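Novice: Each residue of the sequence shown is one higher than the last, beginning at 4 in my numbering.
Glycine residues also receive a C-beta, built at the ideal position from the N, C-alpha and C atoms.
Predicted model, so just to flag it, every value in this text is computed and none were measured.
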Amino acid sequence: MFIDINDKFYCSLGDKHQVVKINIRDSKEKMEIGNGTRGSTSNLLNQPTGIFVDEKLNLYVADSGNNRIQLFLPQQKSGTTIVSNGLNFPTGIVVDKNGNLLIADHANHRIVMSTINGIRCVAGCSRVNQLKNPKIFWFDDVGNMFVFDTINKEIQKFPQMTNLYGIL
């Protein structure tokens, strides 16, 4: 789930292969991305999970079943694949202030960062703090990253990620 700066509520419906956007103040104002059919074309999704909306109202979707991150420009129902290489069932996404994408790469057991220079691992990269199927992650106001690790059944803390990556 996500709420943007204009009070629009976004929800990924993985089993329905859709992301729905609803105006909090007027529930009749609704937009659906994906038509409920699993697919891999630019207007379809396959088990979307994590979503993020930036200050320009661009929607980023972790399209888990297609092993990709899709970017939907405001009011668009067709997206562009912006990351796919090396991802295995991505489930969470955050975009930092520099436009870099941090992605929970669920089946690869890591958190990665995608920049214009490619993808690199930022958490779960070694045996220390090894992740097992990270699903979602978030940051506190001082830049600590917290990762929900589903197999280990714990939340792992990675201190002061903002100092390294400019998250906030």
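With DSSP collapsed to three states, give me the class of D18.
Specialist: D18 falls in the helix class under three-state DSSP.
Novice: Helix, strand or coil for V23, going by three-state DSSP, please let me know.
Specialist: Correct three-state label for V23: strand.
Novice: Note the first and the last residue of the continuous beta strand (DSSP E) segment covering V145.
Specialist: Careful: V145 lies outside any beta strand (DSSP E) and carries neither H nor E.
Novice: Buried or exposed: where does N70 fall if 16 or more other Cβ atoms within 10 Å of its Cβ makes it buried?
Specialist: Buried is the call here.
Novice: Taking 7 Å as the limit between beta carbons, can you name the residues of its chain near F92, skipping five residues before and five after?
Specialist: These residues qualify, in order along the chain: S67, N70, H109, A110.
Novice: From Q21 to P51, what distance separates their C-alpha atoms?
Specialist: C-alpha separation (whole angstroms): 7 Å.
Novice: Do L134 and N103 have their C-beta atoms closer together than 9 Å?
Specialist: No, these two residues do not count as a Cβ contact at 9 Å.
Novice: Note down the Cα distance separating N46 from D144, rounded to an integer number of angstroms.
Specialist: N46 and D144: Cα-Cα distance of roughly 35 Å.
Novice: Report buried or exposed for T94, applying the criterion of at least 16 other Cβ atoms within 10 angstroms of its Cβ.
Specialist: That one is buried.
Novice: May I have a chain-ordered list of the beta strand (DSSP E) segments no shorter than 3 residues that lie completely inside the segment 55-107?
Specialist: Those beta strand (DSSP E) runs which fall completely within the segment 55-107 and span 3+ residues are 62-66, 71-75, 83-86, 93-98.
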